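In this note's numbering, the protein residues as written are 88 to 711. Note that CB positions come from ideal geometry on N, CA and C, so glycine has one too. None of the values given here were measured: they were computed from a predicted structure. Remarks on the structure that follows.
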Amino acid sequence: MERFNPCPSPDRGRRSSIQTLLAGSLMLGSCLLPVSAAELILHWDAAPEDESAQLQTLSNQLGLELEHRRALHSAFTLVSVEGESDSAIALLSDSGQFRHVEPVRTIAPPKPVVSEPIPQVKGDTPPIGTFALPTERFNDPLYPKQYYLDEQLPGFWGLSNMAEARAYAEQHRTLERKVRIAILDTGAWPHEDMQWSSDQANMVADGYRCRDSSALIDCPSGNLERMTRSNDAIDKQWQYDSFEGKYTPYVDGHGLAVASQIGAISDNGLGMVGNLSHQMLELVPVRVLGATGGSTIDIADGIRWVSGQYAGSDLAPISAPVDVINMSLGAHVFFSCEAESYLYEAIQAAKQQGISVVAAVGNEEMSADWSTPSYCDGVVAVGSNHIGGDLSSFSNYGAAVDVTMAGEGITTAYVSTDLLTDPDCGQGAEGCYGFSTGTSMSTPNVASVLGMLKLVHPELSAEEREAMLYQTARPFDTTTQGIPSRAAALGAGHGVVNALAALKSADPLDLSGSQLYHRHADFDTPAQQQYLLAMQSHLPRLCDTIDVELGWLEGAVAGIHYELVLADGDLASAPVAKQSSEPKLALDTQGFARMGVRACRDSSCGALTELPLASVAKPSLCQP
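Structure below.
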């Protein structure tokens, strides 16, 4: 299915070293490549024993030319179809055989974005000043440049107390192993300031690899072989360069930049400092994006692999599931994360494993409602803010954003195709750094905080740790001039993360974040009132039905429920009106003036908290 593509073809021309250093990494995925007209993902309602035979029967019945390509996870399968794919999707969807039918889509890397240059650094580079960071704590030369580690203070509301949070996590750690964070991105690169896990995977079977792994820029054609899925996540592939008349390497470096922000080696006299101590962290690289992007199948299978649920025989399984998945990829695209889709099901399976899934919302300066995969249920959707606290000018926004963190001018390890032969980068381009900008950089900051929360609170569920993140975030509602902020006007979720406050948050079941509202409160135009009148004929209690959001949890968590009490008088003596495992629900309040709620874990419940039922705004039609 050919779709409009506003993006130019990926530019494979060479840039100078300084251009490369100037090119910060905005989030991968700002452009959607045309999807393949030939490949479809089918989600069987009940998978047949012989898929090929059943597909042949369907081909005959529907007049389609279907070919079974390969089985995917569980009840999913990949097929090719001849002809126009929209009509094929419609026919297959109406056949009654499938829960969901979708085309295979590909998300492409974005055009480079200019950011601040950073000089090549060696171990003897002198400190250059900071705000309040203790400069003597680490001897890494770029540490004083890492402003985003500093304290959240008036005028610097966009910071998140990361350095203090790291120290707190080290002192109060109770997890008896390293926290494991997966980087689903362009892959890994050997770097002087990085330590990668031996658990690795490449999901992208595109381009060529050189059999001689030591080959840097020249690989004889006889040594080239087609790339396949493997347990080598190296961010490098070889492709034919018609200008050079030979195969040349392509190295992206985005995955290295993202991972270094989380876990660059600290106090080694080199480069930068990671958000987390490398001694308490294991970084698991998974290559899901190649030179021309990555398919939704590759991304979903990457999620399955790091969750310990990958069923394919082409990869060795991961040694143990990860704790956090970081996806600095995706964008505002022409498809959403539909229930029953391959990507959606993979994310839900990871969530059921107790894994936090974190994704960037995109850099198009538009609503994040169609940013995939951040829009998927259960994903922590991350926007970018500047040092003052307001939304970055490029960040997507709106109700689909959960939190923001600093994403401008972030210090990272850096590599690219052009730097492979740069003498300043050392042997094998293992010694370069840069500044990167975008929600790609905000996302690993959030993943780092969730990693710290796992270190300190391993007994809690992923949802509870995420609730602590939301509960302690700081909304940025007004600027220093006292005017409404972009964050308040456009929507930035719970606000700017405060890592230290999240770690010290005593109770993820705290109900202070509860909200009551009437979903039609602002329906006051004549047309809207006519709509409400029509609705009332079907829902007589429309005026008294209130939407309730309890505490900070985003969804149901095993062992946790809420008891809601309604009364005219004394709440303490009133019976429980409703018990719910879901923190978001609609409640009929007709005949009652007061509402209270208590949060319970198993059979132990907290104190009854009154919610402001009397102050809920209602549409004028509902006014007495």
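- Between ALA560 and HIS581 the beta-carbon gap is near 4 angstroms, inside 8 angstroms, which marks them as a contact.
- For ASP286, the CB contacts under 7 angstroms within the same chain, skipping 5 residues up- and downstream, are VAL371, ILE405, SER406 in chain order.
- The three-state secondary structure of TRP131, taken from DSSP, is strand.
- Beyond the five residues adjoining it in sequence on each side, LEU587 comes within less than 7 angstroms, by CB distance, of ASN248, GLU251, ALA252, TYR255 in the same chain, given in chain order.
- Restricting attention to HIS648, CYS687, LEU698, ALA659, the CA atom closest to the CA of SER668 is found in HIS648.
- Residues MET367, LEU542, VAL543 of the same chain have their beta carbon placed closer than 7 angstroms to that of ARG260, with the five preceding and five following residues left out of the count.
- Annotation: SER461 to GLY638 spans about 22 angstroms, alpha carbon to alpha carbon.
- Under DSSP, PRO372 forms a beta bridge with ILE270.
- Contact annotation: ILE434 and ALA346 have beta-carbon atoms that are not nearer than 8 angstroms.
- Collapsing the DSSP output to three states places ARG681 in a strand.
- Here the C-alpha atom of ALA574 lies approximately 26 angstroms from the C-alpha atom of PRO699.
- In this structure, SER535 sits near LEU363, with a CB-CB distance shorter than 8 angstroms.
- Following the DSSP letters along the chain, one finds VAL490 inside the beta strand (DSSP E) bounded by residues 490 to 493.
- Within 10 angstroms of the beta-carbon of THR315 lie fewer than 16 other beta-carbons, which makes it exposed.
- Scanning its chain for C-beta atoms nearer than 7 angstroms, with the 5 sequence neighbours on each side dropped, one finds around ALA387 the residues TYR429, LEU430, ALA433, in chain order.
- In this structure, THR498 is the residue among THR491, ALA680, THR498 with its C-alpha nearest to the C-alpha of HIS341.
- A distance below 7 angstroms between beta-carbons, with the five flanking residues on each side excluded, links HIS607 to the following residues of its chain, in chain order: LEU619, PRO706.
- With respect to the 8 angstroms criterion, THR632 and LEU653 are not classified as neighbours on the basis of their beta carbons.
- If you draw a straight line from the Cα of GLY494 to the Cα of PRO571, it comes to about 21 angstroms.
- The count of Cβ pairs closer than 8 angstroms, one atom from the region 436 to 450 and one from the region 411 to 419, reaches three, so the stretches are in contact.
- Spatial neighbours of LEU640 in its own chain (CB-CB distance under 6 angstroms, excluding positions within 5 residues in sequence) are listed in chain order as GLU550, ALA554, PRO670.
- Looking at the DSSP output, TYR327 sits in a beta bridge with TYR334.
- The beta carbons of ARG156 and LEU142 sit about 10 angstroms from each other, so the pair does not count as a contact at 8 angstroms.
- Beta bridge pairing from DSSP links GLU636 with GLN602, LYS671.
- When the five nearest sequence neighbours on each side are left out, the beta carbons in the same chain lying within less than 6 angstroms of the beta carbon of ALA398 are those of HIS160, in order along the chain.
- Closest option to GLU517, judged by alpha-carbon separation, among LEU708, VAL191, LEU695, HIS278: HIS278.
- Listed in chain order, the non-local C-beta contacts of LYS265 below 7 angstroms within the same chain comprise MET367, LEU368, GLU369, local neighbours out to five positions each way being set aside.
- Secondary structure at ARG391: helix, using DSSP grouped into helix, strand and coil.
- Taking the Cβ atoms as the reference, LEU556 lies roughly 6 angstroms from VAL490, within the contact range of under 8 angstroms.
- For the set GLN568, PHE563, ASN532, GLY683, the Cα lying nearest the Cα of GLY361 is the one of ASN532.
- For ASP305, the closest alpha carbon among the candidates ARG685, GLY150, THR508, LEU357 is that of THR508.
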